[in-house]
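Residue numbers (the working numbering): 132 to 327. All C-beta atoms, glycine included, are put in the ideal place defined by N, C-alpha and C. Reviewing the structure listed below.
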């Protein structure tokens, strides 16, 4: 049995989580999962955290650090498709109390499918092909005599990298490479249409 790394959360941080009263901890974990469900709504999270800290009498800085830590920890577990049993074992080894563990696992089970789907959609929304330009060319002169007269295609792909940033990727392909590329793009398109 291989042990999964728990490097993103320490036993000292788990002990801080153990100090939360039950009701406050439940509300705190709900805030974390609400953000995981709607990551674009960071301002709402900050407002909710401010209210939470006032009601719980907690330090805003410390609570923000714990939120960042848990968001990072849970995102890592989502990316690796870690089971609730594995999370249970990891946090139990670090000393999280049974009642707090139960709250986290209950939320994990409740939201896991939605979060996994959301994460997959985020992956598909990043690196989308926005535009493509191509130029066809024939080698007219080169130091390699055998290359004269060969056809090639120059592609300029504009890819959406997320956060409203585009990246230009330039490729030069031989005709057989281009047809192979085109074939793979068609297969990818068909696969995505099946999923959608």
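7 Å Cβ cutoff met for residue i and residue j
| i | j | result |
| --- | --- | --- |
| residue 288 | residue 316 | no |
| residue 219 | residue 236 | yes |
| residue 234 | residue 265 | no |
| residue 296 | residue 290 | no |
| residue 313 | residue 302 | no |
| residue 225 | residue 142 | yes |
| residue 306 | residue 282 | yes |
| residue 198 | residue 184 | no |
Residue of the options minimising C-alpha distance to residue i
| i | options | result |
| --- | --- | --- |
| residue 293 | 232, 258, 270 and 148 | 258 |
| residue 269 | 304, 146 and 251 | 304 |
| residue 228 | 261, 151 and 306 | 151 |
| residue 243 | 224, 215 and 252 | 215 |
| residue 178 | 295, 162 and 300 | 162 |
| residue 213 | 247, 226 and 194 | 247 |
| residue 158 | 144, 171, 167 and 180 | 180 |
| residue 202 | 192, 168 and 182 | 168 |
| residue 170 | 252, 241, 211 and 189 | 252 |
Residue i, buried or exposed, once every other Cβ within 10 Å from all chains shown has been counted against 16
| i | result |
| --- | --- |
| residue 204 | buried |
| residue 239 | buried |
| residue 245 | exposed |
| residue 164 | buried |
| residue 267 | exposed |
| residue 134 | Only weak support exists for where residue 134 lies, its pLDDT of 41 falling under 50; the coordinates are left without a value. |
| residue 160 | buried |
| residue 148 | buried |
| residue 279 | exposed |
| residue 145 | buried |
| residue 176 | buried |
| residue 132 | The pLDDT assigned to residue 132 is 38, lower than 50, so where the model puts this residue is not dependable; a value taken from the coordinates is nonetheless given after this. Under this definition residue 132 is an exposed residue. |
Whole-number beta carbon distance between residue j and residue i, since they are thought to touch under 8 Å
| i | j | result |
| --- | --- | --- |
| residue 222 | residue 209 | Actually they are not in contact, since the Cβ atoms of residue 222 and residue 209 sit about 15 Å apart, beyond 8 Å. |
| residue 207 | residue 249 | Rounded, the Cβ-Cβ distance is 15 Å, inconsistent with contact. |
| residue 230 | residue 187 | Incorrect: roughly 17 Å between the Cβ atoms, too far for contact. |
Cβ of residue i within 7 Å of any chain D Cβ
| i | result |
| --- | --- |
| residue 246 | Included in the structure is just one protein chain, with no chain D present. |
Point to revise | Ordered list of alpha helix (DSSP H) runs contained in the region 139 to 225, each at least 4 residues | key: 142 to 149, 153 to 168, 173 to 187, 191 to 210 and 215 to 224
Check your understanding: Whole alpha helix (DSSP H) runs in the region 241 to 326 with 4 or more residues, listed along the chain?
Key -> 306 to 326
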